[in-house]
Amino acid sequence: MQNQTIFFKNDIKIENTATIVGPKEHEGPIGRYFDKFVKDDLLGQKSYEKAETKLHVSTIKYLLNKSGYKDGDIDLCLMGDLMDEISGCNFTMRELDIPFMGVYNACATFAESLIIGANLLDSGNFKRIICSTSSHFSTAERQYRFPLELGNQRTPLAQWTCTGVGATLLNRENGKVKIDCATIGRVIDYGVTDANDMGAAMAPSARETLLSHFEATSREPDYYDLILTGDLGEAGHRLLILLMEEKGVRLKDNYSDCGILIFNRMGQDVGQGGSGAGCSSSVFNSFVYKKLVCGELNRVLLVPTGALVSKTSNLQGESIPGIAHAVSFERI
Amino acid sequence: MIVDYLKVFLVGGIICLIGQVLINTTKMTSARILVGFLLTGVLLETVGVYKYIREWGQAGATVPIMGFGSNLAKGAIKGTIENGLLGAITGGIEAVAGGIAGVIFISFIVGLISSSKTK
Amino acid sequence: MNEPNKEYLELVKKKMPKSHHLKTMFRAFWVGGLICCIGQGFNDLYTHFLGSKMPEEDISTLVTLTLITITVCLTGLGIYDKIGAYAGAGSIVPITGFANSVASPAIEHKREGVVLGLCSNMFSVAGPVIVFGITSSIVVGIIVLIFKGAFV
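Chains as they are written, first to last, in numbering that gives the first Met the number 0: chain S, 0 to 331; chain H, 0 to 118; chain R, 0 to 151.
Here you go:
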């Protein structure tokens, strides 16, 4: 490991992926890439928390079905979400007979689970690992912001938490896409306190991670066909371009953001774009993975970003620490 | 008649407009906005200014939460003059008892019946 | 490490998008004005029918109750938050905004039970209004008690 970056000794391959999203995400510009969508984001459950759990269970079961495996064929699930004590995942795993480890890095959780999963596979002790994250607009809104029916105005910087789950099945044998290296980010806090301005809270950590990654790998941004941050949103995305220019690295047209891709910002009233732990995972496991498999993309750098905010610490005047991990994918 | 409604519209509109300026410039949330206007209403009533606004703007001055604050102050002043210390304590809440009781009762009933909707 | 990066915060302030002042202010103005006019409408209606039997203050309470009832029902139907998203302060500052901030957490937390969910969270947003309102009214009362001459 050098400069926070891990180069894997073996090929860690993506055997399969699955995504299920909510109605709004389905209507978005990349809606047709998702495997499935639900018309009613309550899924006939009694609460949105139960709905998110059901969405997660369905995605994992669909992934198993799709790849022809049973619960027992999977060695480990690495999962996370945004609810208290990642309770959504805990209840999800109640329905499945697979060993489980919960992870949390806010909206960067998907990258965290991929990096841990890839390392465990690299060690040779595991055969198949599922990495997945979920988020749901209605559970995140009530936990981090206000009741759904409260008539307040969203600030121009607000983002829209995606309702969706993305799951990746990693192994060492089969697959057309491999993870070749990954950079683990440090927590960076420049003192942003506005909980609505998550793009600004996360952009510095995304820069640190990107700079470390480029230095450790001696790659340029042009090396990748697509560099994709997690959920900086439109404003945060522009801010990161600016921040990178300060350090002499130019991000060009090959740089985008999952939060921008998943929604149509003009027509869907989502503020700066999508956010949430399910944002990067559902965009990567559908749109990006399918483009990698069919050869439209060859090398992709996914940099999910997380704003490590809690309602209590924010009320106590703490600023918002940011985190970002980078995972590099290559078509085989 | 129409002139009266224009006055109501103008006063109510301007009060809300000031609230919007506060939201835009200070990022205050709705709870803080409500408290701020309420206290302003209490203050303006106590120093005796609000009654002129109310006379001119009618519902334009009573419907905003400032009117709620002015009612509290009005009740407290009246209660104190009539009943002394006890009136100082009960006067304010007596004046707005209808509103508070109403909002609790109706919210309880509606809360039992309905659930938050998909956004 | 924990020091705020002032340079960065300046950059954020300069570069991040801001509210559209004119648009949001116009919306707050006309919706707020309209809600007050509706209040005036009810006031005139009640005065016309009940004016002979009721003092002015009771009619005013009746108007408040009417507005509160309408708002809470609109909140229950999931409409008021859409008005709020459009109008901002225009639907927060009127008494209807207060009613909405009582009803919305009540509805939201019903799933955690009636007692510990609905009831105990009912004032999680609007609680400060009641606390500050009652406290300030008592302070006013005490001031009046001290300077009685000025208020009679």
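Ideal Cβ placement from N, Cα and C applies to all residues, glycine included. Just so we're clear, the structure is a prediction, and the values are computed from it rather than from any experiment.
Close beta carbons around residue i, own chain, < 6 Å, minus the five adjacent residues each side
i	result
residue 16 of chain S	167, 284 and 288
residue 308 of chain S	194 and 319
residue 160 of chain S	134, 136, 139, 274 and 275
residue 44 of chain H	69, 72 and 73
residue 59 of chain H	7, 10 and 11
residue 214 of chain S	2
residue 157 of chain S	195 and 270
Within-7 Å CB hit, residue i to chain R
i	result
residue 91 of chain H	yes
residue 8 of chain H	yes
residue 312 of chain S	no
residue 123 of chain S	no
residue 69 of chain H	no
residue 16 of chain H	yes
residue 1 of chain H	no
CB-CB length for residue i against residue j, believed under 8 Å
i	j	result
residue 148 of chain S	residue 79 of chain R	7 Å
residue 303 of chain S	residue 107 of chain S	4 Å
residue 11 of chain S	residue 171 of chain S	7 Å
residue 28 of chain R	residue 16 of chain H	5 Å
residue 183 of chain S	residue 128 of chain S	With 8 Å as the limit, residue 183 of chain S and residue 128 of chain S do not qualify as a contact, their Cβ atoms being about 17 Å apart.
residue 67 of chain R	residue 101 of chain H	5 Å
residue 32 of chain R	residue 12 of chain H	3 Å
residue 50 of chain S	residue 34 of chain S	Not confirmed; about 18 Å, so no contact.
residue 93 of chain R	residue 35 of chain R	7 Å
Within chain S, the residues that residue i reaches when beta carbons sit closer than 9 Å
i	result
residue 22 of chain H	151, 152 and 154
residue 74 of chain R	148, 149 and 150
Limits of the alpha helix (DSSP H) - the one that residue i falls within
i	result
residue 130 of chain R	126-145
residue 99 of chain R	94-107
residue 368 of chain S	This structure leaves residue 368 of chain S out entirely; chain S is present only between 0 and 331.
residue 0 of chain S	No alpha helix (DSSP H) contains residue 0 of chain S, which DSSP labels as neither H nor E.
residue 203 of chain R	The structure shown has nothing for residue 203 of chain R, since chain R only spans 0 to 151.
residue 19 of chain R	Taken as a continuous stretch (DSSP letters only), residue 19 of chain R belongs to no alpha helix (DSSP H), as it is neither H nor E.
residue 104 of chain H	84-112
residue 40 of chain H	29-45
Below-7 Å beta-carbon distance, residue i vs any chain H residue
i	result
residue 93 of chain R	yes
residue 119 of chain R	no
residue 123 of chain R	no
residue 40 of chain S	yes
residue 51 of chain R	no
residue 28 of chain R	yes
residue 112 of chain R	no
residue 48 of chain R	no
Contact set between residue i and chain S, taken where Cβ atoms lie within less than 8 Å
i	result
residue 90 of chain R	150
residue 15 of chain R	156, 196, 198, 199, 234 and 238
residue 96 of chain R	150
Proximal chain H residues relative to residue i, where beta-carbon distance stays under 8 Å
i	result
residue 136 of chain S	118
residue 107 of chain R	115
residue 230 of chain S	By Cβ distance, chain H contributes nothing, its closest Cβ being about 18 Å from residue 230 of chain S, past 8 Å.
residue 31 of chain R	11, 12, 14, 15, 16, 18 and 63
Chain-ordered neighbours of residue i on chain H, where CB pairs are closer than 7 Å
i	result
residue 193 of chain S	26
residue 152 of chain R	Any question about residue 152 of chain R goes unanswered here, given that chain R covers just 0 to 151.
residue 131 of chain R	34, 37 and 38
Proximity test, Cβ basis, 7 Å: residue i and chain S
i	result
residue 45 of chain R	no
residue 29 of chain H	yes
residue 87 of chain R	yes
residue 54 of chain R	no
residue 84 of chain R	yes
residue 4 of chain R	yes
residue 42 of chain R	no
residue 115 of chain R	no
Bounding residues of the beta strand (DSSP E) (the contiguous stretch that carries residue i)
i	result
residue 77 of chain S	75-79
residue 321 of chain S	321-323
residue 133 of chain S	128-134
residue 169 of chain S	163-170
residue 254 of chain S	254-256
residue 18 of chain S	4-20
residue 302 of chain S	298-302
residue 179 of chain S	176-182
residue 100 of chain S	99-101
residue 225 of chain S	225-228
Interface residues of chain R facing residue i [CB-CB closer than 9 Å]
i	result
residue 48 of chain H	Those do not exist, as residue 48 of chain H stays about 14 Å from chain R at its closest Cβ, beyond 9 Å.
residue 305 of chain S	Going along chain R, no residue has its Cβ under 9 Å from residue 305 of chain S, so there is no contact; the nearest lies around 18 Å.
residue 43 of chain H	Within chain R, no residue comes near residue 43 of chain H; the closest Cβ sits about 11 Å away, beyond 9 Å.
Chain-ordered neighbours of residue i on chain R, where CB pairs are closer than 8 Å
i	result
residue 52 of chain H	None at all; the shortest Cβ gap to chain R is about 12 Å.
Cross-chain neighbours of residue i in chain S, by beta carbon under 7 Å
i	result
residue 126 of chain R	Here the premise fails: no neighbours, minimum Cβ distance about 13 Å.
residue 21 of chain R	What residue 21 of chain R touches in chain S: nothing, since even the nearest Cβ is about 14 Å away.
Contacts around residue i, its chain only, beta-carbon distance under 7 Å, and the 5 residues preceding and following it disregarded
i	result
residue 208 of chain S	182, 184, 302, 323, 324 and 325
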